[in-house]
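Participant: Sharing a structure with you now.
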Amino acid sequence: MVDMISMPDDSTTAVDRALDAVLTRLAERAIPRGAAALALIRAASDATTGGKRFRPALVVAAFDAFDGDRGATPGLWDVAAAFELLHTAFVIHDDLIDRDIERRGVPNVGGTFRSRARSLGVADDGADRIGDAAAVLAGDILLYEAARLVAVADIAADQRVPLFGLLDDAVLVSAIGELADVEQAVVPGEPETTQLLSTAHDKTAVYSFCAPLAAGAVLAGADAGDRAVLMTVGADLGLAFQLVDDLIGTFGSEAQAGRDAGADLREAKRTPLISLARETSAWPQVSSALALAPTGPIAVRAAQRELHESGARDRLVALIGQTLASVRRRATELPTEPRALIERLATGIEGRIP
């Protein structure tokens, strides 16, 4: 994955320190409540490790771009850490929804608690129930902790309400997008391309781009007009990012995707790419190839070839280009440094296209 944005080491350390304070506090509170409580907090803590800290980096980058004063805003790191906790909570719940028990080859919260249950003599059905319950609860705890960090952050009083508004949007829109994604996967009939694009936006754009960028701007004292522009460009950045993820899930390498190449084809996911292929005259050939894709790598490569030859991949790449062109046009309304930040993000998203 192209490194679109990263924090300097001192900023990463400050965000990690804020996260460690949350997780240490939770562990200390869990210890008197027994082994299961402590195991739950440890599993939630493990889920926060190893991430790229992309969303906290956006908070800090936007804060710096709008010339925020770090010395006068000690709560910056708590707010940035809140977006990492939000992301981790969503990941835990997403794995549960997708019935995954591993993430990047390592047991996730559900997988960890399944193993723990079996070690206590629980049969498979009971272990599955415990694993699912642990995933729900660990995600819930981290969602609350994200809100608590914003509530207690050392920031100006007039900044707290707009920050909670951003957090509220991030949670609500992401939940709506996740539900739409599940419904589109299982409800009979084929969803329209516009519906799939709306879902792609809702799952990613607000919590991964709009809210972190706007949060950094709020903390820096940016005016409402600039924050509104950030929300608009963040929506398009998030859509473009998710569409590139769809390309990676279909055409990307194992290293790019962090899982088997062509995993979206193996799982028969209904993505905008597939919907665009359905609109072409080549759909009968594509459909036949997609039906065989779950059977193995040779069938995956055949499906990739049919999708490419149908023109669907080129149409999706063109749509990504149009979306990022809109980002760049709107970003001209921003001051120089925030505009440069948006350009870096747009260029980074383009660099991820497989």
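FYI, the numbering for the sequence shown is 810 to 1163, going by my numbering. Where is the CB? At the ideal position from N, CA and C, for every residue including glycine.
If we ignore side chains and look at the alpha-carbon of each, how far apart do Leu-1101 and Leu-1006 end up?
Facilitator: Rounded to the nearest angstrom, the two C-alpha atoms are 25 Å apart.
Participant: What did DSSP end up calling Met-810 once you bin it into helix, strand or coil?
Facilitator: Low per-residue confidence applies at Met-810: pLDDT is 38, beneath 50, and the placement is therefore not dependable, though the value from the model is reported in the following sentence. Met-810: coil per DSSP, three-state reduction.
Participant: If you run the structure through DSSP and keep just helix, strand and coil, what is Val-996?
Facilitator: In the structure shown, Val-996 sits in coil (DSSP, three-state: anything other than H, G, I, E or B).
Participant: Assuming Glu-954 and Asp-903 make a contact with CB atoms under 8 Å, what is their CB distance in whole Å?
Facilitator: Contact flag wrong, Cβ pair sits at about 18 Å.
Participant: Answer yes or no: do Ala-1009 and Gln-968 have a C-beta to C-beta separation smaller than 8 Å?
Facilitator: Not closer than 8 Å, so no.
Participant: Could you give the first and the last residue of the continuous alpha helix (DSSP H) run that contains Val-831?
Facilitator: From DSSP, the alpha helix (DSSP H) with Val-831 extends over 818-839.
Participant: Once you ignore the five residues that flank Leu-1125 on each side, which residues in its own chain have a CB closer than 8 Å to its CB?
Facilitator: Only Leu-1052, Asp-1055, Leu-1056, Pro-1081, Leu-1082 and Leu-1085 meet the Cβ criterion.
Participant: Would you mind sorting Asp-1011 into buried or exposed? The rule is 16 or more other CB atoms within 10 Å of its CB.
Facilitator: The residue in question, Asp-1011, is buried, as its Cβ has 16 or more Cβ neighbours within 10 Å.
Participant: Using only the alpha-carbon positions, how far apart do Leu-828 and Asp-887 sit?
Facilitator: When rounded, the distance between both Cα atoms is 8 Å.
Participant: From the DSSP output, in three-state form, read off Arg-912 for me.
Facilitator: Here Arg-912 sits in strand by DSSP.
Participant: My assumption, with CB atoms under 8 Å, is that Leu-885 sits in contact with Val-869. Please give the rounded CB distance.
Facilitator: Sure, about 7 Å apart at Cβ, within 8 Å.
Participant: Within the 8 Å Cβ cut-off, does Pro-971 reach chain D?
Facilitator: Among the chains of the structure shown, chain D does not appear; only one protein chain is present.
Participant: Excluding the 5 residues flanking Ala-994 on each side, which residues of the same chain have their C-beta closer than 8 Å to its C-beta?
Facilitator: Excluding residues within five positions, the ones whose Cβ falls inside 8 Å are Lys-1078 and Arg-1079.
Participant: Would you call the region 915-924 in contact with the region 833-853, where contact means no fewer than 3 C-beta pairs closer than 8 Å?
Facilitator: Yes, they touch.
Participant: Ordered along the chain, which non-local residues of its own chain (more than five positions away) have a Cβ less than 7 Å from that of Val-1038?
Facilitator: Arg-1139, Glu-1142 and Leu-1143, listed in sequence order.
Participant: May I ask you to report which of helix, strand or coil DSSP gives Thr-947?
Facilitator: Looking at the sequence itself, residue 947 is Ala, so the reference to Thr does not match. The answer is helix: DSSP assigns Ala-947 an H, G or I state.
Participant: With a threshold of 7 Å on Cβ separation, who are the neighbours of Ser-1228 within its own chain once the five nearest residues in sequence on each side are excluded?
Facilitator: The structure shown does not extend to residue 1228, since the chain is modelled only from 810 to 1163, so the question has no answer here.
Participant: Rounding to the nearest angstrom, what Cα-Cα distance links Asp-825 and Ala-942 in this structure?
Facilitator: In a straight line, the C-alpha of Asp-825 is about 27 Å away from that of Ala-942.
Participant: On the criterion of 16 or more Cβ atoms from any shown chain inside 10 Å, does Val-1042 qualify as buried, or is it exposed?
Facilitator: Buried, since its Cβ has 16 or more Cβ neighbours within 10 Å.
Participant: Spell out a yes or no on whether the region 1022-1036 and the region 1114-1132 are touching, meaning 3 or more CB-CB pairs, one atom from each, closer than 8 Å.
Facilitator: No, they do not touch.
Participant: Does Phe-1018 come out as helix, strand or coil in the three-state DSSP assignment?
Facilitator: In the structure shown, Phe-1018 sits in a helix (DSSP, three-state: H, G or I).
Participant: Count the other CB atoms within 10 Å of the CB of Val-970; is the residue buried (16 or more) or exposed (fewer)?
Facilitator: Exposed, since its Cβ has fewer than 16 Cβ neighbours within 10 Å.
Participant: Determine the burial state of Thr-1013: buried for a count of at least 16 other Cβ atoms within 10 Å of its Cβ, exposed for fewer.
Facilitator: Result: buried.
Participant: Is the region 1096-1116 touching the region 1069-1077 in the sense that three or more CB pairs, one from each, lie closer than 8 Å?
Facilitator: The region 1069-1077 vs the region 1096-1116: in contact.
Participant: Excluding the five sequence neighbours on either side, which residues of its own chain have a C-beta within less than 7 Å of the C-beta of Ala-1026, listed in chain order?
Facilitator: Counting only Cβ-Cβ distances below 7 Å, and skipping sequence neighbours, we find Ala-871, Phe-875, Asp-1035, Arg-1036 and Leu-1039.
Participant: Whose C-alpha, out of Val-1136, Pro-916, Thr-821 and Ala-1044, is nearest the C-alpha of Ser-983?
Facilitator: Ser-983 has its Cα closest to that of Ala-1044, out of Val-1136, Pro-916, Thr-821 and Ala-1044.
Participant: By the three-class DSSP mapping on this structure, what secondary structure does Pro-1093 have?
Facilitator: Helix.
Participant: Given that a residue counts as buried once 16 or more other Cβ atoms are within 10 Å of its Cβ, and exposed if not, what is Phe-973?
Facilitator: Under this definition Phe-973 is an exposed residue.
Participant: Pick from Ala-1108, Gly-1030, Glu-1063 and Ala-1049: whose alpha carbon is nearest that of Arg-879?
Facilitator: Of Ala-1108, Gly-1030, Glu-1063 and Ala-1049, the residue nearest in Cα terms is Gly-1030.
Participant: What is the C-beta distance between Leu-1048 and Leu-958, in whole angstroms, given that I count them as a contact (C-beta under 8 Å)?
Facilitator: The pair is not a contact, with the Cβ atoms about 28 Å apart (cut-off 8 Å).
Participant: Can you tell me whether Ile-1151 is buried or exposed? The criterion is at least 16 other CB atoms within 10 Å of its CB, across all chains shown.
Facilitator: So Ile-1151 counts as buried.
Participant: By how many angstroms is the C-alpha of Thr-857 removed from the C-alpha of Val-961?
Facilitator: Looking at the two C-alpha atoms, the distance is approximately 20 Å.
Participant: Which residues in the same chain have their Cβ closer than 7 Å to the Cβ of Gly-930, if we skip the five residues on either side of it in sequence?
Facilitator: Contacts found: none.
Participant: From Thr-882, Leu-976 and Gln-1094, pick the residue whose C-alpha is nearest to that of Ala-956; which is it?
Facilitator: For the residues Thr-882, Leu-976 and Gln-1094, the minimum Cα distance to Ala-956 belongs to Leu-976.
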